[in-house]
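2 protein chains.
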Amino acid sequence: MNENIKNIAVIGLGLIGSSILHALKLNFKNKFYITAYDINSKNRKVVRELKIADKVCEKIAVSVQNADLIFLSVPVGVVGEVAKNISPFLKKGAIVTDTGSTKLSVIRDVRPFFSKNICFIPSHPLAGTEHSGPESGFASLFKNRYWIIIGEKNDQNVKKLDRILSKIGAYVELMDADYHDRILAITSHLPHLIAFTIVGTASDLEMDIKNDVIRFSATGFRDFTRLASSDPTMWRDVFINNTDSVLEMLQRFNEDLTELQKLIRKKDSSKLYDFFSRTKRIRSQIIEAGQHEPEYKKKK
Amino acid sequence: MNENIKNIAVIGLGLIGSSILHALKLNFKNKFYITAYDINSKNRKVVRELKIADKVCEKIAVSVQNADLIFLSVPVGVVGEVAKNISPFLKKGAIVTDTGSTKLSVIRDVRPFFSKNICFIPSHPLAGTEHSGPESGFASLFKNRYWIIIGEKNDQNVKKLDRILSKIGAYVELMDADYHDRILAITSHLPHLIAFTIVGTASDLEMDIKNDVIRFSATGFRDFTRLASSDPTMWRDVFINNTDSVLEMLQRFNEDLTELQKLIRKKDSSKLYDFFSRTKRIRSQIIEAGQHEPEYKKKK
Numbered sequence: 009m010n011e012n013i014k015n016i017a018v019i020g021l022g023l024i025g026s027s028i029l030h031a032l033k034l035n036f037k038n039k040f041y042i043t044a045y046d047i048n049s050k051n052r053k054v055v056r057e058l059k060i061a062d063k064v065c066e067k068i069a070v071s072v073q074n075a076d077l078i079f080l081s082v083p084v085g086v087v088g089e090v091a092k093n094i095s096p097f098l099k100k101g102a103i104v105t106d107t108g109s110t111k112l113s114v115i116r117d118v119r120p121f122f123s124k125n126i127c128f129i130p131s132h133p134l135a136g137t138e139h140s141g142p143e144s145g146f147a148s149l150f151k152n153r154y155w156i157i158i159g160e161k162n163d164q165n166v167k168k169l170d171r172i173l174s175k176i177g178a179y180v181e182l183m184d185a186d187y188h189d190r191i192l193a194i195t196s197h198l199p200h201l202i203a204f205t206i207v208g209t210a211s212d213l214e215m216d217i218k219n220d221v222i223r224f225s226a227t228g229f230r231d232f233t234r235l236a237s238s239d240p241t242m243w244r245d246v247f248i249n250n251t252d253s254v255l256e257m258l259q260r261f262n263e264d265l266t267e268l269q270k271l272i273r274k275k276d277s278s279k280l281y282d283f284f285s286r287t288k289r290i291r292s293q294i295i296e297a298g299q300h301e302p303e304y305k306k307k308k
Numbered sequence: 009m010n011e012n013i014k015n016i017a018v019i020g021l022g023l024i025g026s027s028i029l030h031a032l033k034l035n036f037k038n039k040f041y042i043t044a045y046d047i048n049s050k051n052r053k054v055v056r057e058l059k060i061a062d063k064v065c066e067k068i069a070v071s072v073q074n075a076d077l078i079f080l081s082v083p084v085g086v087v088g089e090v091a092k093n094i095s096p097f098l099k100k101g102a103i104v105t106d107t108g109s110t111k112l113s114v115i116r117d118v119r120p121f122f123s124k125n126i127c128f129i130p131s132h133p134l135a136g137t138e139h140s141g142p143e144s145g146f147a148s149l150f151k152n153r154y155w156i157i158i159g160e161k162n163d164q165n166v167k168k169l170d171r172i173l174s175k176i177g178a179y180v181e182l183m184d185a186d187y188h189d190r191i192l193a194i195t196s197h198l199p200h201l202i203a204f205t206i207v208g209t210a211s212d213l214e215m216d217i218k219n220d221v222i223r224f225s226a227t228g229f230r231d232f233t234r235l236a237s238s239d240p241t242m243w244r245d246v247f248i249n250n251t252d253s254v255l256e257m258l259q260r261f262n263e264d265l266t267e268l269q270k271l272i273r274k275k276d277s278s279k280l281y282d283f284f285s286r287t288k289r290i291r292s293q294i295i296e297a298g299q300h301e302p303e304y305k306k307k308k
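Residue numbers (this note's numbering), protein chains in the order written: chain A, 9 to 308; chain B, 9 to 308.
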């Protein structure tokens with residue numbers, strides 16, 4: 009198992025990168041020699057103090073030069089630049105994966121910098137919290153969560169990556185980049201966009217009412233503020249890089265919202281009732297699918 | 009304390025009504041004689057089996073005729089009709105409250121049916137779950153949650169109601185009906201409307217992608233499905249009865265969403281970053297205000 013992988017590098021030590029370090033340490037003990045790097049010296053310091061990497065490098069080149077597997081857990085907006093920076097130092101045959109929330113853009117930005125000797129396997133863990141930074145990472149972040157790989161199931165390198173991700177608790181799923189970006193546009197990017205918007209709308213209210221919005225937020229609004237407090241850099245990059253799929257889903261959403269707005273204005277009680285009954289069913293399907301709680305128990 | 013209140017009637021035995029019964033029983037033991045009524049015989053049967061009322065009445069008139077305090081926990085769309093039905097049977101001096109999510113419409117619909125001898129105090133517990141029906145009720149639903157009363161703090165009847173609600177764990181807040189409806193429009197009604205819309209948008213997707221939306225819903229979408237699975241009757245009535253405030257907030261939301269859509273289309277990374285940073289602050293304020301967890305510990 010993982011016969012060729014001895015050295016692992018994790019580049020980018022935010023919530024995801026530091027959680028990968030925690031998870032590797034917990035599940036593999038000392039099986040790998042693990043280096044870590046972040047452009048931000050504060051993040052390097054935190055990871056050094058957490059003792060979750062064998063070596064925290066001051067230079068990205070040092071971190072990747074002996075690595076058989078490299079995780080690029082950096083914002084999708086800079087992953088191309090990071091790929092460019094590391095490419096001269098990569099070992100022949102090295103596997104590079106990323107953890108970005110958009111996949112078409114990452115492939116577009118990363119591929120040009122890697123020679124044929126480098127195996128780039130884009131991936132995306134469907135896991136996260138509203139917290140960011142290396143101090144927010146934890147070993148079970150990927151446990152029972154999907155980790156999507158853009159690759160072929162018979163590819164030996166995909167299998168190696170799959171075994172490592174499965175061992176840290178993730179459910180590995182293979183799909184193509186275009187499909188990934190559409191699914192994520194509706195399940196993640198649009199919900200976050202909407203959440204950012206509504207929280208923005210509330211914060212523009214006059215001061216008096218705004219304070220009461222905060223006090224009485226438990227009635228629905230609070231769920232949105234959790235989504236809307238996620239890392240701004242990450243989300244800016246997502247919307248800039250999955251623009252087409254997000255705008256397509258947003259257009260569908262806008263049409264539906266306009267329709268619902270009309271029904272409210274007309275006080276069309278029977279059509280409103282039908283609409284609100286229909287959405288209840290999707291919730292039931294999600295509960296049946298075992299996705300209702302973060303630590304769902306669904307077997308692959 | 010509650011010197012004049014001996015008999016209580018709870019009309020409407022859904023999630024809220026049955027939770028009131030549970031909470032009264034738990035916190036007051038046998039202090040009150042409590043009757044219950046629901047137009048639906050199935051709900052009456054469940055409450056009878058739960059043994060949370062002293063008497064479950066077959067007729068609404070019997071339920072209210074001796075009551076000193078009456079809770080109308082029925083959908084806001086029928087509360088006027090219920091008020092009309094009970095008014096001939098009410099005791100002189102009886103206090104009637106309701107639990108509806110809109111207050112201007114309830115006052116408009118209810119007041120005409122009550123003589124000067126009846127004290128109507130509109131109220132609204134900011135508590136609920138995505139489940140409905142008497143079997144979903146529980147005694148701590150109102151614990152550490154706000155319960156808004158539309159009334160004056162020196163009114164003796166308001167004080168009586170306050171004491172009972174405080175005893176079952178609620179934080180009583182007084183405000184006027186118009187302000188209530190505006191606050192709820194942004195903290196509860198608009199978030200639910202948005203959630204219903206986005207879940208509706210997803211359920212219109214082609215079957216393949218829809219199944220994967222359900223599988224991968226943990227990434228943001230799931231939070232919306234919880235809101236969108238709330239009781240359709242209740243929500244239809246809310247939107248028909250708080251139309252002005254909801255449409256006003258919806259218009260502000262639409263303007264903000266259009267603005268954000270433009271920034272995405274133009275890939276304006278610096279303005280997107282600013283927007284996403286700003287909304288993070290509201291979350292921090294909510295956490296400071298102690299509203300981040302359902303069972304928050306905030307002292308009045």
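All C-beta atoms, glycine included, are put in the ideal place defined by N, C-alpha and C.
Reducing DSSP to helix, strand and coil, say where residue i ends up.
{"i": "Asn48(A)", "result": "coil"}
{"i": "Ala17(A)", "result": "strand"}
{"i": "Pro83(A)", "result": "coil"}
{"i": "Thr107(A)", "result": "coil"}
{"i": "Lys307(A)", "result": "With a pLDDT of only 37 at Lys307(A), under the threshold of 50, the placement of this residue in the model should not be trusted; the figure read from the coordinates follows. Correct three-state label for Lys307(A): coil."}
{"i": "His132(B)", "result": "strand"}
{"i": "Ile176(A)", "result": "coil"}
{"i": "Lys167(B)", "result": "helix"}
{"i": "Gly25(A)", "result": "helix"}
{"i": "Lys274(A)", "result": "coil"}
{"i": "Val68(B)", "result": "In the sequence as presented, Val is not what sits at residue 68(B); that position holds Ile. Ile68(B) falls in the helix class under three-state DSSP."}
{"i": "Ile60(A)", "result": "coil"}
{"i": "Ile294(A)", "result": "helix"}
{"i": "Leu34(A)", "result": "helix"}
{"i": "Ile94(B)", "result": "helix"}
{"i": "Leu149(A)", "result": "coil"}
{"i": "Glu181(B)", "result": "strand"}
{"i": "Thr137(A)", "result": "coil"}
In the DSSP assignment, the alpha helix (DSSP H) including residue i goes from what residue to what residue?
{"i": "Val246(B)", "result": "240-249"}
{"i": "Glu143(A)", "result": "Looking at the DSSP string, Glu143(A) is not in any alpha helix (DSSP H), and its letter there is neither H nor E."}
{"i": "Asn219(B)", "result": "215-223"}
{"i": "Ser113(B)", "result": "112-118"}
{"i": "Gly208(A)", "result": "198-211"}
{"i": "Asp186(A)", "result": "185-192"}
{"i": "Arg230(A)", "result": "229-235"}
Measuring only the C-alpha atoms, how far is residue i from residue j?
{"i": "Glu303(A)", "j": "Ser95(B)", "result": "At Glu303(A), the pLDDT of 38 sits below 50, so the modelled position is not reliable; the number obtained from the coordinates is stated separately. So the two alpha carbons sit approximately 51 angstroms from each other."}
{"i": "Gly88(B)", "j": "Ile115(B)", "result": "9 angstroms"}
{"i": "Lys168(A)", "j": "Leu213(A)", "result": "52 angstroms"}
{"i": "Leu198(A)", "j": "Ile272(B)", "result": "12 angstroms"}
{"i": "Ile103(A)", "j": "Ser225(B)", "result": "29 angstroms"}
{"i": "Pro142(A)", "j": "Asp239(A)", "result": "13 angstroms"}
{"i": "Ala297(B)", "j": "Arg171(A)", "result": "44 angstroms"}
{"i": "Ala147(B)", "j": "Arg52(B)", "result": "18 angstroms"}
{"i": "Lys92(A)", "j": "Lys111(A)", "result": "17 angstroms"}
{"i": "Val254(B)", "j": "Arg291(A)", "result": "24 angstroms"}
{"i": "Gly230(A)", "j": "Val180(B)", "result": "Sequence check: residue 230(A) is Arg here, not Gly. Distance between the alpha carbons of Arg230(A) and Val180(B): 20 angstroms."}
{"i": "Thr43(A)", "j": "Ile248(A)", "result": "30 angstroms"}
{"i": "Leu23(B)", "j": "Ala135(B)", "result": "10 angstroms"}
{"i": "Arg244(B)", "j": "Ser26(B)", "result": "21 angstroms"}
Give a yes or no on whether 9 angstroms exceeds the smallest Cβ distance from residue i to chain A.
{"i": "Leu255(B)", "result": "yes"}
{"i": "Tyr41(B)", "result": "no"}
{"i": "Lys307(B)", "result": "A caution first: Lys307(B) carries a pLDDT of 37, below 50, which makes its placement in the model too unreliable to give a value."}
{"i": "Trp155(B)", "result": "no"}
Please tell me whether residue i has its Cβ less than 9 angstroms away from any Cβ of chain B.
{"i": "Ala69(A)", "result": "no"}
{"i": "Lys288(A)", "result": "yes"}
{"i": "Ser81(A)", "result": "no"}
{"i": "Gly136(A)", "result": "yes"}
{"i": "Ser148(A)", "result": "no"}
{"i": "Leu173(A)", "result": "no"}
{"i": "Ala210(A)", "result": "yes"}
{"i": "Lys151(A)", "result": "no"}
{"i": "Pro302(A)", "result": "Low confidence applies here, because Pro302(A) scores a pLDDT of 40, under 50, leaving its location unreliable; read the following figure in that light. Yes, Pro302(A) lies at the interface with chain B (some Cβ there is under 9 angstroms from its Cβ)."}
{"i": "Asn262(A)", "result": "yes"}
{"i": "Gly85(A)", "result": "yes"}
{"i": "Val221(A)", "result": "yes"}
Between which two residues does the beta strand (DSSP E) harbouring residue i extend?
{"i": "Ile158(A)", "result": "It is not in any beta strand (DSSP E) - Ile158(A) carries neither H nor E in the DSSP assignment."}
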